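In my numbering, the protein residues as written are 12 to 151.
To keep things clear, I will list the structure first and then write my remarks on it.
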C-alpha cells in the first residue's frame, strides 16, 4: 500500500496518508466529472476501496461509498470469534468513522473470508456464521 511503502505505518490520517489522499482525490474528481459529462440524467455514485483499517478521511469525504476489506485471519482472531469480530470491526472502524464525516459515505464489506487452505472446517464455519449474521442484520 502507499501508506506502508512510504513509511506511514498504520496511520491513514497522518502526513503520509494525507499525501496519498492528495494523489488520489484528483482521480476521484476526474471520475465524477467524466460521469457527469455523460449526461445520464442521474448521479452515478463514486466510491473507493481499501483495507478496513486504512481509510483516509480526506478520501472518504470525496466519495459516496467505501468498500472495506475485513479479514479476521490477518488480525490473528480465532475462528471462534471471527464472524463477530468482523461485524464489530466493520461497525466500529468503518461505519462509525464514515458516519462522523460531513458526507456520511455508505460503507460496505467488499471482501472478507477465512483461508480455505488452513482448515476447511474453519473456512466453512466462518462463511456460514458471516452469512447468518448478515441475514439477521438485514431482518432487524
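Glycine included, each C-beta is placed from N, C-alpha and C at the ideal position.
Quick caveat, the model's predicted, so the values are computed rather than measured.
Taking DSSP as the reference, what is the three-state secondary structure of residue i?
i: residue 80; result: strand
i: residue 85; result: helix
i: residue 104; result: helix
i: residue 151; result: With a pLDDT of only 40 at residue 151, under 50, the local geometry of the prediction cannot be trusted, and the value read off the model is given with reservation. Residue 151 falls in the coil class under three-state DSSP.
i: residue 54; result: coil
i: residue 46; result: helix
i: residue 153; result: Outside the displayed range of the chain (12 to 151) lies residue 153, so it cannot be described from this structure.
i: residue 138; result: helix
i: residue 12; result: coil
Assuming the contact rule is C-beta atoms closer than 8 Å, residue i and residue j should be a hit. Round their C-beta distance to whole Å, please.
i: residue 105; j: residue 77; result: 7 Å
i: residue 72; j: residue 29; result: Residue 72 to residue 29, Cβ: 12 Å. No contact.
Keeping to the same chain, check which residues put their C-beta closer than 7 Å to that of residue i; ignore five residues upstream and five downstream.
i: residue 100; result: 63 and 81
i: residue 133; result: 90 and 125
i: residue 37; result: none
i: residue 95; result: none
i: residue 116; result: 71, 74, 75, 76, 77 and 109
i: residue 27; result: 14, 17, 18 and 19
Who are the Cβ neighbours of residue i in its own chain at under 8 Å, not counting the five residues just before and after it?
i: residue 25; result: 19
i: residue 39; result: 57, 59, 70, 73 and 74
i: residue 137; result: 83, 90, 93, 94, 124 and 125
Please report whether the beta-carbon of residue i lies at a distance below 8 Å from any beta-carbon of chain C.
i: residue 69; result: Considering every chain present, this structure includes no chain C. It has just one protein chain.
So who's on the other strand from residue i, going by DSSP bridges?
i: residue 122; result: 80
i: residue 117; result: 76
i: residue 62; result: 80
In chain order, what residues of the same chain have a beta carbon less than 6 Å from the beta carbon of residue i, not counting five sequence neighbours either side?
i: residue 43; result: 57
i: residue 46; result: 55
i: residue 119; result: 78
i: residue 35; result: 70
Taking all protein chains shown into account, decide if residue i is buried (16 or more other Cβ within 10 angstroms of its Cβ) or exposed.
i: residue 31; result: buried
i: residue 21; result: exposed
i: residue 61; result: buried
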